[in-house]
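Each step along the sequence shown adds one to the number in numbering that gives the first Met the number 0, with nothing skipped, and position 175 is 174. C-beta atoms are modelled at their ideal positions from N, C-alpha and C, and glycine is treated no differently. These figures come from a predicted structure and were not determined experimentally. Just below is one structure, and these are the notes that go with it.
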Amino acid sequence: MSHDHHRHEFGGPWTEQKLTCLKKYLDAYMTILRRHPWFSTVYIDAFAGTGYRTMETNSTSASLFDEPSLDHEATAYLKGSPAIALGLAQPFDKYIFIDQKETHTLELEKLREEFPALSDRIVIERSDANVYLAKYCAETNWSRTRAVVFLDPYGMQVAWDTVEAIARTKAIDLWYLFPYMAFNRMLTRQGPPPAAWANRITHVIGIDTWQSVFYSTEQLSIFSDDATRRSTTLERIRQFIVERLKTIFPAVCNKPMILYNSINGPLFVLCFATASPKKSVQDAALKIAGHILDNG
Ligand SMILES: C[S@@+](CC[C@H](N)C(=O)[O-])C[C@H]1O[C@@H](n2cnc3c(N)ncnc32)[C@H](O)[C@@H]1O
């Protein structure tokens, strides 16, 4: 791997976990779809990044007592989701990589050189993922096309409208890394959240009745005003996301995976849903994804 890749640093064990789940699913998916050659297969990475990610090799085992690394050669280039998807034993017929940042799409272009046999199958779009996906989902003829979409935002960037557009295709399997921590932070403890955050929450989860779910109002004493307080738990938020997805997808994994940072703070909830209306496809997809989410 050349070292001139634009540095795109993120990660830790939770990054490994999300990518391991994705890879396992893509492998299983293509093994099945290979037996249905009349379908054209598409992998869509809507928050694609650069293709790779860098990681200081020392930091993987960093403890309080580790010497800081001065050895720059120790920087390893690890595959991000686009490189993982291109490296499958049975590749997709088409790859769509979307990122808003030009420095990232320029890095993504380099994947063509690294996977020359797949170069013609790669589409790279510098675009807002929501805008692109809404258009792509609406304009594609899904009768002979099947796709896996991976939504891997940093935070509260995925509009609920986009998730709905994906569900409407009846042809997409979705992996959505829901931004639990960002969401939870916007649900301010002493509610309700400021208007900008409230609007963002509504934009991401698609309903504006969430206040009654996550806040309770109590009168502390007859002398004070009512206090609106957050009453929520990780489990409640996880189940809420599952329920939201179930309003638009016919099959959703009941136990999405919680990804924690190194000090056990929950960061994301990795969700799976399939838009297929066919019971046999739903059963197979849920079985595979459920197994992956249970075991990492
Ligand atoms: C967590 S990174 C993706 C990592 C990648 N999936 C991987 O595994 O290597 C999120 C990416 O989303 C991009 N991004 C943020 N907002 C976006 C938007 N609205 N539309 C498209 N891309 C966006 C950022 O530039 C960043 O590269």
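Asked: Any heavy atom of ligand 3 closer than 8 Å to the CB of Gln281?; Found: By its list of ligands, the structure shown excludes ligand 3, since it contains just ligand 1.
Asked: Is it the case that the region 22-35 contacts the region 139-152, given that we only count it when at least three CB pairs across the two stretches are under 8 Å?; Found: yes
Asked: Based on the DSSP secondary-structure assignment, which residues constitute the bridge partners of Ala146?; Found: Val41, Ile171
Asked: Quick one: Cα of Tyr24 to Cα of Thr216, how far?; Found: 43 Å
Asked: What are the residues that DSSP puts in a beta bridge with Leu186?; Found: None, per the DSSP bridge assignment.
Asked: For Leu176 and Asp151, what's the separation of their Cα atoms in angstroms?; Found: 5 Å
Asked: At what residue ranges does the region 219-263 contain a whole run of the alpha helix (DSSP H), taking only runs of 4 or more?; Found: 233-245
Asked: For the region 37-49 against the region 83-103, do three or more pairs of beta-carbon atoms, one drawn from each stretch, fall closer than 8 Å, so that the two count as touching?; Found: yes
Asked: Looking at the structure shown, is Asp98 part of a helix, part of a strand, or coil, going by DSSP?; Found: strand
Asked: Tell me whether Ser80, by its Cβ, gets closer than 8 Å to a heavy atom of ligand 1.; Found: yes
Asked: At a cut-off of 8 Å, is Gln210 close to ligand 1 when judged by its beta-carbon and the heavy atoms of the ligand?; Found: no
Asked: Using only the heavy atoms of ligand 1, determine whether one of them is closer than 8 Å to the beta carbon of Leu18.; Found: yes
Asked: Quick check on the burial criterion: 16 or more other C-beta atoms within 10 angstroms. Buried or exposed for Ile291?; Found: buried
Asked: Could you give the DSSP three-state label for Pro115: helix, strand or coil?; Found: helix
Asked: For Ala274, verify whether its CB is less than 8 Å away from any heavy atom of ligand 1.; Found: no
Asked: Under a three-way DSSP split, which group does Ile206 fall into?; Found: coil
Asked: Between the beta-carbon of Tyr94 and the beta-carbon of Pro115, is there less than 9 Å?; Found: no
Asked: Can you give the Cα-Cα distance for Lys277 and Lys245, rounded to whole angstroms?; Found: 15 Å
Asked: May I ask you to report which of helix, strand or coil DSSP gives Pro265?; Found: strand
Asked: Just checking, does the region 202-217 make contact with the region 116-130 on the three C-beta pairs under 8 Å criterion?; Found: no
Asked: Using the rule of at least 16 other Cβ atoms within 10 Å of the residue's Cβ for burial, across every protein chain shown, is Ile287 buried or exposed?; Found: buried
Asked: Cβ of Arg199 versus every heavy atom of ligand 1: is any distance shorter than 8 Å?; Found: no
Asked: For the pair the region 133-140 and the region 156-169, tell me if three or more CB-CB distances fall below 8 Å.; Found: yes
Asked: Cβ-heavy atom distance between Thr320 and ligand 1 below 8 Å?; Found: Examination of residue 320 is not possible in this model, given that the chain is present from 0 through 295 alone.
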